[in-house]
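Visitor: Numbering (this note's numbering), first residue to last: 339 to 526. All C-beta atoms in this analysis are idealised placements derived from N, C-alpha and C, irrespective of residue type, glycine included. Predicted, not measured: the structure shown is a model, and the values here were computed from it. This is the structure I want to talk about, given as structure tokens.
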Amino acid sequence: MKTFKRRFQVLNVAAEDQAQVFLTEMQTLPVAAQKIVDVTKSIVFDRAILFRNFAIVQGMVMKRIQFVDTDGFKRDFQVTVPFNRKVELPGLNPTVTIGRANRAIVSDNTILIGPNGFGTNDGFTVQLFLKQFNNVDELIPPLPSVNVLEKIEFQFLIKISKFEQVDLSLPVPPVFDCSFATKCLVHC
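Okay, here's the thing in structure tokens:
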């Protein structure tokens, strides 16, 4: 069977793993609080920095703490807690093969992550998925207090894909000869 070679660019998963982040922070409220009423929180992934066999994920935990002050008024306090996490990814190689000569080039290893947890740069695609998020905020006694102890724990999945050029041998499609075709007669 005859074959012909064709070069394709395919997106392959280069590395994938889950990671867990633990943060403990002490925050100081602007006024003394009797109790914490509600905490609204979200995680923003900013960037992933790719290295050989690992990546560093950076971002922020954004929180709004609602509390009751000593006069009984409800107040808001916003805080941003930065984080970074090294994730071991065996087999990750921050090079890309390009061109007809299949040259390997080192790409820009910093990939900015958009609000949807997705970023792409120089043939690499990074996807980050938040899997679990736990948070505890407690006032440090004696009450009322201005000191809040924050305990933050979350898990995320990182998936790194890479565009690669692949040479494939495909079979030559058969050529059909229609010289012996006969006409179809329809009887009414």
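1. Once DSSP output is grouped into helix, strand and coil, what is the label at ARG390?
2. Looking only at its chain, what residues have a beta carbon closer than 7 Å to the beta carbon of GLN365, apart from the 5 residues adjacent to it on each side?
3. Kindly indicate the opening and closing residues of the beta strand (DSSP E) around PHE462.
4. Just the Cα atoms here: how many angstroms apart are ARG390 and THR378?
5. Is it a yes or a no for the stretch 452-459 touching the stretch 426-435, going by three-plus beta-carbon pairs under 8 Å?
6. Check whether the Cβ atoms of THR408 and PRO479 sit closer than 8 Å, and answer yes or no.
7. Return the CA-CA distance between ARG385 and SER507, expressed in angstroms with no decimal places.
8. What does the alpha-carbon distance come out to for the pair ASN422 and GLN358?
9. Where PHE405 and ASN350 are concerned, what is the direct C-alpha to C-alpha distance, given to the nearest angstrom?
10. Which residue wins for smallest C-alpha separation from VAL382, given the options MET400, ILE498, GLU502, PHE342?
11. What residue range is occupied by the uninterrupted beta strand (DSSP E) comprising VAL504?
Guide: Taking the structure as given:
1. Coil at ARG390, not helix or strand.
2. So the list reads VAL417, VAL486, GLU488, once near-sequence residues are dropped.
3. Element bounds for PHE462: 462-477.
4. Pairing ARG390 with THR378, the inter-Cα distance amounts to about 37 Å.
5. Short answer: they don't touch.
6. Not a contact, by the Cβ cut-off of 8 Å.
7. In this structure, the alpha-carbon of ARG385 lies about 38 Å from that of SER507.
8. Each residue's alpha carbon lies about 11 Å from the other.
9. Straight-line spacing of the CA atoms in PHE405 and ASN350 works out to 48 Å.
10. Taking only the C-alpha atoms, the option nearest VAL382 is MET400.
11. Per DSSP, VAL504 belongs to the beta strand (DSSP E) from 483-509.
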